[in-house]
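Count along the sequence shown starting at 1, add 34, and that's the number in full-length UniProt numbering.
First comes the structure, then the notes that go with it.
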Amino acid sequence: RAASRPVALGSAAEIGAFRGDPRYREALKRYCDIVVPMNDLKWDALRHERAGFDFAGADEIVAFAEANGKALRGHTLLWGEALPPWVGEMTTRAEAERELVRHIEVVVDRYKGRIATWDVVNEVIKYDPTSGGPWRDTVWQHLLGPEHVEIAFRTAARTDPKARLVLNDFHFEERDAGAAARRAVALDICRRLRDKGIPIHGLGMQAHLYAERTIDIDGLQRFMRDLDALGLDVEITELDVIDWKMPADAALRDKRAAALVASFLGAVASAKRPKAIVTWGLTDRYSWVGETFPRKDGARARPLPLDADYRPKPMLAVLERYRRGT
Ligand code: G3I
């Protein structure tokens, strides 16, 4: 198996839980080799006003990671969401390029040599890329066109030549036409960047897995081999399981989630060892899933490796096998 050597495990850190719940920090220390600020390196956290940068939240999580010997991922230098209102007021290409370049220079320079890996761009691929071109219609695509991705990667690479630069996106994993189309588009974007000599080091698969769907094992293995042929790393960047369509029974949902994660990671690792496996949080107590996909029965979502009282669930054992290396 390609994943016989240990794989670094990590988690996103949500600042409210990080500040308010000591068990949250203890869990990060115990279960993670990598930490990524969930929201504090996004534009809406950093850039309340056009003039300044507010690094308070990010600095807190970065300091925690460094004090505890954890590696850091930065999320994310360019996204079409989580933007402060003033970004929507930009009207020209020149303005958008100036603001994007300045943002990336200031942020990447501040954490140069400290944040080792950046999600340079997040979710730039249109949800269904089979109609009307690959690009999601964001303010960046609107004002800069397809070059918005190149500008982001070039600027990040120039600012911290040692950082690993990742294109991060979702819906690559399941057996459906959309995922297959998105895998093809992601490969094409990576290939074009490579052909232009623009530094890119990895593809980030968010891997928010829907419990009722099945993993496209063959499709993923081909995708891994194609990425490998391009010399790209693969990172699992936001792993969790969206179980809103599952029956209420907690033990059953936990078993299904663990089996789905095992199937997904097995498909990836059988073709290419992932550089990292990062979950989008550690405990069901704090997860975007329940807010975004509320269950009709009101039961709490169970997307993550620890339950709401920080007790390990079967998914943790699956992840720990990769951390140990088997
Ligand atoms: O912290 C403030 C709080 O002070 C305020 O009272 C409250 C109400 O406005 O908002 C709180 O911030 C919220 C934050 O989550 C807290 O966790 C933001 O409004 C809310 O927009 C934010 O949502 C985050 C979302 O991205 C948008 O940035 C989620 O936590 C986060 O899990 C989610 O993560 C995304 C990845 O970045 C990209 N991939 C998909 C993933 C899930 O949507």
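Glycine included, every Cβ here is placed at the ideal spot set by N, Cα and C.
Would you decide whether residue i is buried or exposed? Buried here means 16 or more other CB atoms lie within 10 Å of its CB.
i      : result
GLY236 : buried
SER38  : exposed
ASN102 : exposed
GLY91  : buried
ARG198 : buried
THR110 : buried
GLY324 : buried
GLY179 : exposed
THR326 : exposed
ASP194 : buried
LEU273 : buried
PRO346 : exposed
LEU112 : buried
GLU60  : exposed
LEU43  : buried
LYS279 : exposed
LEU316 : buried
ARG84  : exposed
ASP153 : buried
When the Cα of residue i is compared with those of the options, which residue comes out closest?
i          : options                        : result
ASP331     : PRO281, ALA301, GLY315         : PRO281
ARG226     : ALA245, MET239, GLU207, LEU201 : LEU201
ALA116     : ILE49, ALA61, VAL135, ASP78    : ASP78
ILE49      : LEU43, ALA42, TYR58            : TYR58
MET72      : ALA51, ALA85, PHE87            : ALA51
LEU340     : ARG329, ASP318, VAL352         : ASP318
TRP120     : ARG259, HIS82, ARG127          : HIS82
GLU184     : ALA46, ALA61, GLU131, GLY300   : GLU131
ARG192     : ARG355, GLY54, LYS146, ALA303  : LYS146
ARG107     : ASP229, GLU269, ALA241         : GLU269
residue 29 : ALA190, LEU221, ALA215, VAL275 : Only positions 35 to 360 of the chain appear in the structure, and residue 29 is not among them; the question remains open.
ALA245     : ALA293, ARG217, LEU264, ASP222 : ALA293
ASP203     : ALA301, ASP222, SER297, GLN240 : GLN240
HIS242     : ARG188, GLY86, GLU157, ALA186  : GLU157
ASP93      : GLY86, LYS160, ASP74           : ASP74
VAL41      : ARG334, ALA285, ASP267, LYS289 : ASP267
ILE68      : ALA150, ARG136, ARG188         : ALA150
GLY54      : TYR320, ASP143, LEU338, MET349 : TYR320
ARG247     : ALA220, LYS230, ILE95, ARG209  : ARG209
VAL295     : LEU350, ASP262, ARG307, MET258 : LEU350
Going by DSSP, which residues form a beta bridge with residue i?
i      : result
LEU237 : LEU201, VAL268
THR317 : LEU340
PRO118 : Bridge partners of PRO118: none, in fact.
GLU208 : ILE249
LEU111 : The partner list for LEU111 (beta bridge, DSSP) is empty, contrary to what the question assumes.
LEU243 : VAL275
PRO346 : LEU340
Does any residue of chain B have a CB that is nearer than 8 Å to the CB of residue i?
i      : result
GLY114 : The structure shown contains no chain B; it holds only a single protein chain.
TODO: Could I get the ranges of all uninterrupted beta strand (DSSP E) runs contained in the stretch 265-312, with 3 residues as the minimum, in chain order?
DONE: 267-276
Task: Every unbroken beta strand (DSSP E) within the stretch 141-169, with a cutoff of 3 residues, ordered by chain - done: 151-156
Task: Within the stretch 45-92, ranges of the beta strand (DSSP E) (whole runs, at least 3 residues) - done: 68-71
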